[in-house]
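Number 30 in UniProt numbering belongs to position 30 of the sequence shown; there are no gaps in the numbering.
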Amino acid sequence: MKIKKGDNVIVITGKDVDKIGKVLSVLSNGYVVVEGVRKYSVKKRDPRTGAVNAILKEKPIHISNVMYWCDEDAIKSRVGYKFVDGKKIRYLKANQREL
Numbered sequence: 001m002k003i004k005k006g007d008n009v010i011v012i013t014g015k016d017v018d019k020i021g022k023v024l025s026v027l028s029n030g031y032v033v034v035e036g037v038r039k040y041s042v043k044k045r046d047p048r049t050g051a052v053n054a055i056l057k058e059k060p061i062h063i064s065n066v067m068y069w070c071d072e073d074a075i076k077s078r079v080g081y082k083f084v085d086g087k088k089i090r091y092l093k094a095n096q097r098e099l
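Structure, rendered in structure tokens:
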């Protein structure tokens, strides 16, 4: 996959369109978990006191619904691979910047 853990991405479709967040994890089935995107509440009950606590978590989003976000140029771009001096590197297709 061309999106890696720690990359900044922008959501391009869905309810959270135009939200920017950091990739927390990349799942093997083509989904990514993005910080602050697709949040839902999980209720947990404390067995000793009986109090209910709500915890916010992020749901996975399909990798085709996000694009790499370049903070320096403030653009979204697709990511490609190329070989430089025998090494495989990632680059942005919009402005040819190496990652």
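All C-beta atoms, glycine included, are put in the ideal place defined by N, C-alpha and C. Bear in mind the structure is a predicted one, so any value in this text is a computation, not a measurement.
By the criterion of a C-beta distance shorter than 6 Å, Lys2 is surrounded in its chain by Val79, once the five residues flanking it on both sides are discounted. Val37 sits away from Val17, with the two beta carbons spaced by 7 Å or more. Residue pairing by DSSP puts Gly80 in a beta bridge opposite Tyr91. Of the residues assessed, Tyr81 falls on the exposed side of the cut-off, its CB having fewer than 16 other CB atoms within 10 angstroms.
Taking the CA atoms as reference points, Leu56 sits about 45 Å from Asp85.
Annotation for Ala51: no beta strand (DSSP E) segment contains it, and DSSP assigns it neither H nor E. In this structure, the straight-line span from the alpha carbon of Val52 to that of Glu35 is close to 24 Å. The three-state secondary structure of Ser41, taken from DSSP, is strand.
Going by beta carbons, Val23 and Val42 fall outside the 7 Å limit. Counting of Cβ neighbours within 10 angstroms places Lys76 among the buried residues, the total reaching 16 or more.
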